[in-house]
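In full-length UniProt numbering, the protein residues as written are 1 to 265.
Glycine included, C-beta positions come from ideal geometry on N, C-alpha and C.
From a predicted model like this one, the values you see are computed outputs, not experimental measurements.
Heads up: the structure comes next, in structure tokens.
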Amino acid sequence: MTQSLMLNALVVDDEPPAQRRLTDLLDARDDIKHVNVCDNGRDAINAIRSNQPDVVFLDVQMPDCTGIEVVNEVGAENMPIVIFVTAYDQHALKAFELAALDYLLKPFEDERFHEALDRAAHQVEMRSADQLEHQLERLLDVARPDLAENENEYLQRIPVRTRNEVRIVTVNDIMYCAADGPYVRLHLHNEDTYLIRERMKVLEEQLDPTQFCRIHRSTIVNLDDVEAVLPNHDDRYMVRLASGKRLRVSRSRRDAFEERFGLTT
Numbered sequence: 001m002t003q004s005l006m007l008n009a010l011v012v013d014d015e016p017p018a019q020r021r022l023t024d025l026l027d028a029r030d031d032i033k034h035v036n037v038c039d040n041g042r043d044a045i046n047a048i049r050s051n052q053p054d055v056v057f058l059d060v061q062m063p064d065c066t067g068i069e070v071v072n073e074v075g076a077e078n079m080p081i082v083i084f085v086t087a088y089d090q091h092a093l094k095a096f097e098l099a100a101l102d103y104l105l106k107p108f109e110d111e112r113f114h115e116a117l118d119r120a121a122h123q124v125e126m127r128s129a130d131q132l133e134h135q136l137e138r139l140l141d142v143a144r145p146d147l148a149e150n151e152n153e154y155l156q157r158i159p160v161r162t163r164n165e166v167r168i169v170t171v172n173d174i175m176y177c178a179a180d181g182p183y184v185r186l187h188l189h190n191e192d193t194y195l196i197r198e199r200m201k202v203l204e205e206q207l208d209p210t211q212f213c214r215i216h217r218s219t220i221v222n223l224d225d226v227e228a229v230l231p232n233h234d235d236r237y238m239v240r241l242a243s244g245k246r247l248r249v250s251r252s253r254r255d256a257f258e259e260r261f262g263l264t265t
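In structure tokens:
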């Protein structure tokens, strides 16, 4: 890389600690001219279009608009050099590897960050736009959130980050899922709970509908755990799980719920 090449960078991450980590590393570099920060995908789309950064550090899992959706919205042909940043996600990692795209796996070492940025800077210098466009198009082919390699392939395991490790939760161990702000909290049979950075609608689409049912805007239940269906005085239902936990079925979900359990007359 020539000394005259200076890069404008964009950091896109909805977690302030992750933003600070990336901006601190970027600020310490001699080849970074300016750093912008966005905390959501929608702002990132606007920033990429208006500011045209040289390199983007793009978080994959954001509640409003995922990193893949950002690429899809901007268009592969209009994207700057992208370094994806992600927690453990087997589908995303496979997609990046298939598309030969660089990524940082949280938590990452400083050396890995500098290696990725050096490679990105070289791509900017070589102006290898055609290669990048091809790679991003390949990524969209294999990793769009609304697509899967097999439409009937549902999640069997869910990686969840804890403070010190990534735990792998088997979906059969999930009793129910509850919305927790923009994210989802998994409630397990052993009474453990885990917060995952996923939207309820996306998780619902990834779970096998023969095993899981969304009974409320904020609740998905494992049907294998439903012990009883309790009619309510207001023409709604409660479900009682084997653990004794009771969950409300919303009016908007009642018809589908009745059909699922054969309660229609």
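Three-state secondary structure (DSSP) of residue i
i, result
"residue 258", "helix"
"residue 225", "helix"
"residue 200", "helix"
"residue 263", "coil"
"residue 240", "strand"
"residue 28", "coil"
"residue 163", "coil"
"residue 59", "strand"
"residue 78", "helix"
"residue 108", "coil"
"residue 187", "strand"
"residue 192", "coil"
"residue 182", "coil"
"residue 9", "strand"
"residue 86", "strand"
"residue 216", "strand"
"residue 231", "strand"
"residue 247", "strand"
Beta-carbon proximity of residue i to residue j, cut-off 8 Å
i, j, result
"residue 42", "residue 74", "no"
"residue 85", "residue 60", "yes"
"residue 62", "residue 102", "no"
"residue 124", "residue 81", "yes"
"residue 229", "residue 263", "yes"
"residue 108", "residue 83", "no"
"residue 174", "residue 222", "yes"
"residue 154", "residue 118", "no"
Of the residues the options, the one placed nearest residue i, counting alpha carbons only
i, options, result
"residue 279", "119, 180, 80, 253", "Here the chain comprises residues numbered 1 to 265, so residue 279 is not present and cannot be evaluated."
"residue 65", "179, 47, 241, 40", "40"
"residue 156", "165, 162, 222, 170", "170"
"residue 46", "28, 12, 20, 32", "12"
"residue 28", "113, 106, 174, 207", "113"
"residue 51", "201, 26, 10", "10"
"residue 178", "30, 193, 23, 106", "193"
"residue 233", "161, 251, 186, 67", "251"
"residue 189", "67, 242, 21", "242"
"residue 18", "33, 8, 37", "37"
"residue 246", "255, 256, 231", "231"
"residue 22", "116, 205, 187", "116"
"residue 53", "79, 69, 70", "79"
"residue 87", "172, 167, 33", "167"
"residue 187", "16, 122, 164, 160", "160"
Distance between residue j and residue i (C-alpha atoms, nearest Å)
i, j, result
"residue 104", "residue 6", "22 Å"
"residue 244", "residue 77", "54 Å"
"residue 224", "residue 211", "7 Å"
"residue 176", "residue 260", "17 Å"
"residue 184", "residue 120", "34 Å"
"residue 44", "residue 72", "12 Å"
"residue 31", "residue 25", "12 Å"
"residue 248", "residue 258", "13 Å"
"residue 213", "residue 106", "32 Å"
"residue 8", "residue 69", "22 Å"
"residue 227", "residue 240", "6 Å"
"residue 162", "residue 206", "22 Å"
"residue 164", "residue 256", "40 Å"
"residue 110", "residue 180", "32 Å"
Check: residue i C-beta below 7 Å from any heavy atom of the ligand NAD
i, result
"residue 68", "Although the ligand NAD was asked about, the structure shown includes no ligands whatsoever."
Residue-level contact to chain B via CB, residue i, 8 Å cutoff
i, result
"residue 184", "Absent here is chain B; the protein component of the structure consists of one chain."
Touch test, the stretch 190-198 against the stretch 218-234, Cβ-Cβ under 8 Å, three pairs minimum:
Result no; under three Cβ-Cβ pairs closer than 8 Å.
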